[in-house]
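> The structure is given below, and queries will be raised subsequently.
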Amino acid sequence: MKNSNQNSALLAWCAGLALCIPFAVNASEIVVQAEQFSYVEGDFADGQPKPISTYSVKGTKAINYVNRGDYAGYTIEVPESGDYTVTYFAGTDMDSGTGISLQIEQDGVWKTYATASVPKSGWDNFKPISSNEKIPLPKGEQKIRILASGTNDWQWNLSHFNLAKVAD
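Using my numbering, you'd call the opening residue of the sequence shown number 10 and step up by one each time.
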């Protein structure tokens, strides 16, 4: 796990012991590796067996073959209630029409936050893309999704994303 805070702990959320999703967490930042999704969905016919694939490049694992409308779902443990911001580490070879969003299931409804364009940097060149939009997260288990929200058929590849707590 990539985490700049030395006071962090590595946790794992285990669903029925069949699936464990590791993530790094501390009081101010949650780091989620993109390839550690619980599930993926999408209906774009890109010839791949699943809507989103995983791969490794230069020692970094990531997700790829992400198309318009695809999303990857995660279950995370939020250590402290409050407002958070997200930074995505993504790359694309598309000139325009790319978008990435974070969705949170709140009261049975998926709410979209932190939509950002992914600038062209190359498929395997993961650049930080930050959103200053405050995302309200209660303490405890949360279901989230990363959505390909752009208009282009081909979207982006993603290494990981960070949720950082906004100072009170």
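For glycine and all other residues, C-beta sits at the position ideal for the given N, C-alpha and C.
Starting from the N-terminal side, write out each stretch of the beta strand (DSSP E) that is 3 residues or longer and does not extend beyond the segment 123-148.
Entirely contained in the segment 123-148, the beta strand (DSSP E) runs reaching 3 residues are, in chain order, 136-146.
> If you reduce the DSSP assignment to three classes, tell me which class residue 173 lands in.
Strand, per DSSP.
> Would you mind listing the beta strand (DSSP E) stretches within the segment 54-122 that are 3+ residues and don't spill past its ends, in chain order?
Those beta strand (DSSP E) runs which fall completely within the segment 54-122 and span 3+ residues are 62-66, 69-73, 80-87, 91-100, 109-115.
> Starting from residue 50, follow the beta strand (DSSP E) in both directions and report where the run begins and ends.
Its beta strand (DSSP E) spans residues 48-50.
> Evaluate contact between the segment 96-111 and the segment 141-160, counting only Cβ atoms and requiring at least three cross-stretch pairs below 8 Å.
Counting Cβ pairs under 8 Å, three or more are found: they touch.
> What's the gap between the Cα of residue 72 and the Cα of residue 116?
Taking the straight line joining both Cα atoms gives about 28 Å.
> Excluding the five sequence neighbours on either side, which residues of its own chain have a C-beta within less than 7 Å of the C-beta of residue 76, listed in chain order?
The residues are 51, 53, 55, 157, 162, 163, 164.
> I'd like to confirm the pairing. Which residues does DSSP put opposite residue 157 in its beta bridges?
DSSP lists 109 as partners of residue 157.
> Report the three-state DSSP secondary structure of residue 45 (helix, strand or coil).
It is helical.
> By how many angstroms is the C-alpha of residue 148 removed from the C-alpha of residue 91?
For residue 91 and residue 148, the distance between alpha carbons rounds to 8 Å.
> When you compare only the Cα positions, how much space is there between residue 101 and residue 126?
Approximately 10 Å, taken between the alpha carbons.
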